[in-house]
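Those letters in the sequence shown? Residues 1 to 374, by full-length UniProt numbering.
Some notes on the structure that comes next.
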Amino acid sequence: MITADTIVVGAGIIGNAIAYYLAKKGQKVIVLEKSDNIGDGGSSRNGGGVRQSGRDPRELPLAMYGIKNLWPYLSEELGTEVEYYKKGNLRLGKTEKHKEILTGLTNRAVACGLDVRMIDAYEVRQINPFLSEEVSCASWCETDGHANPLLATLAYYKAARRLGVRFITGEEVLSLKKLRGRLRQAITAHDIYEADNIVLANGIAARDLAAYVGIDIPMSSALLECLVTEAEPRMFEQMLGTAEADFYGHQSKHGSFVIGGSSGLEAVNKDNGTPINSSITAACIARGIIKYIPKLSHAKIVRTWAGWMDRMVDGVPVIDKVDEVEGLYLACGFSGHGFGIAPAVGLNMANLVLGEDLTCDISGLAYNRFAAKA
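Written as structure tokens, this is what we have:
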């Protein structure tokens with residue numbers, strides 16, 4: 001049996017950040033990861049957005065706190081360059097329906113104190129002249145930006161390691177077990193790990209694990225895909241997204257475009273459980289991208305990859321201590337937009353585990369929001 005103060009299940013950026021902040025506060029932490037590789041889930045399969053705009057108001061406190069207090073100093077604190085750039089976010093629309101969606105998102109964000117506004121087609125192209133004539137409106141948030149998901153995940157991993165966190169890869173947690181009424185054990189094929197606290201930060205797999213102690217997390221999986229182009233001449237620095245979140249991405253420091261999207265064609269992806277791109281789905285996303293950035297019509301795609309998103313039934317994560325099972329904490333169901341809030345999630349989850357004051361209001365992300373109402 002191997003013991004720790006806290007066990008974190010999942011070594012993506014969320015799990016790594018939680019482990020880092022716990023270790024920084026003096027905790028002995030073990031991170032268990034079923035893959036042989038760190039960050040093998042959504043942390044290596046996203047467009048790198050660090051945004052506040054376009055978010056559900058329940059997530060906004062985390063996004064706003066992170067952009068103000070954590071992201072600007074992250075490379076220095078963690079000792080690894082994460083390629084964070086605060087150059088704004090254009091969330092694009094082409095139809096009246098898109099405008100209605102964007103206006104609603106913008107109004108709700110403004111009500112939460114975010115500096116974001118709607119702009120018309122003319123102003124869109126003043127900010128970014130490379131966008132197509134089809135773009136008729138956008139929301140514009142100057143304080144949004146982007147970072148490198150691989151480097152940021154690695155940075156938290158390396159910094160946590162320096163603080164004594166033990167990462168064990170290739171170690172899938174098969175079940176959880178309570179002792180004397182409290183969750184104590186994470187059981188793998190090779191060993192039993194015991195701790196006072198167990199944090200599930202392992203995406204869609206958290207649902208099956210939580211079920212061992214009678215907890216149902218209402219989330220499902222959805223396929224997301226990413227494409228990377230060859231290096232292109234410098235065009236723009238903003239993060240881009242769309243009203244319906246079917247396309248998002250940015251131009252990296254090195255000139256390549258890192259672009260994510262959803263084709264809506266998951267049924268044709270015969271992957272036998274392994275997330276892969278197909279010639280049909282990747283091509284569908286590429287055609288959509290060209291509709292927004294015509295200049296990329298001749299860019300070569302040099303790499304593609306896919307991954308399963310843990311999509312919560314109401315579109316925002318659970319970040320909470322589970323009252324029904326003492327010792328169980330959840331940080332999952334990020335629904336494709338967890339990367340940008342990962343630092344703030346890590347810090348607040350560490351505080352939650354230790355019973356300290358939180359830096360953000362996460363009451364809207366509580367697990368009990370799914371409880372039956374009287």
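Just so you know, even glycine gets a beta-carbon here, dropped at the ideal spot from N, CA and C.
This structure is a prediction, so every number in the text was calculated from the model and none was measured.
C-alpha distance - residue i paired with residue j, whole-angstrom precision
| i | j | result |
| --- | --- | --- |
| Lys373 | Glu326 | 22 Å |
| Pro294 | Thr95 | 18 Å |
| Asp5 | Gly26 | 10 Å |
| Ala283 | Ser35 | 29 Å |
| Glu133 | Arg125 | 9 Å |
| Gly12 | Asp115 | 30 Å |
| residue 377 | Asp314 | Given that the chain is displayed from residue 1 to residue 374, the structure contains no residue 377 and the question cannot be resolved. |
| Pro57 | Gln251 | 27 Å |
| Thr359 | Phe167 | 27 Å |
Environment of residue i [buried if 16+ CB atoms lie within 10 Å]
| i | result |
| --- | --- |
| Glu59 | buried |
| Arg91 | buried |
| Lys97 | exposed |
| Tyr122 | exposed |
| Asp310 | buried |
| Asn107 | exposed |
| Leu229 | The sequence shown places Thr at residue 229, not Leu. Counting Cβ neighbours within 10 Å, Thr229 comes out buried, since at least 16 surround it. |
| Asp320 | buried |
CB contact check: residue i to chain D, cutoff 7 Å
| i | result |
| --- | --- |
| Asp144 | In the structure shown, chain D cannot be found, because there is only a single protein chain. |
Extent of the continuous alpha helix (DSSP H) run through residue i
| i | result |
| --- | --- |
| Asn16 | 13-24 |
| Asn107 | 96-111 |
| Gly307 | Looking at the DSSP string, Gly307 is not in any alpha helix (DSSP H); the run it does join, the beta strand (DSSP E), is 301-312. |
Simplified DSSP state of residue i, which is helix, strand or coil
| i | result |
| --- | --- |
| Lys34 | coil |
| Gly10 | coil |
| Phe339 | helix |
| His190 | coil |
| Gly49 | strand |
| residue 377 | Residue numbering for the chain in the displayed model covers 1 to 374; residue 377 lies beyond these limits and cannot be assessed. |
| Gln126 | helix |
| Gly364 | helix |
C-beta atoms of residue i and residue j nearer than 7 Å
| i | j | result |
| --- | --- | --- |
| Val199 | Ile18 | yes |
| Tyr65 | Ala159 | no |
| Phe236 | Asn128 | yes |
| Ala306 | Leu102 | no |
| Gly261 | Ile285 | yes |
| Leu174 | Ile187 | yes |
N- and C-terminal bounds of the beta strand (DSSP E) containing residue i
| i | result |
| --- | --- |
| Cys137 | 137-141 |
| Ala222 | 219-229 |
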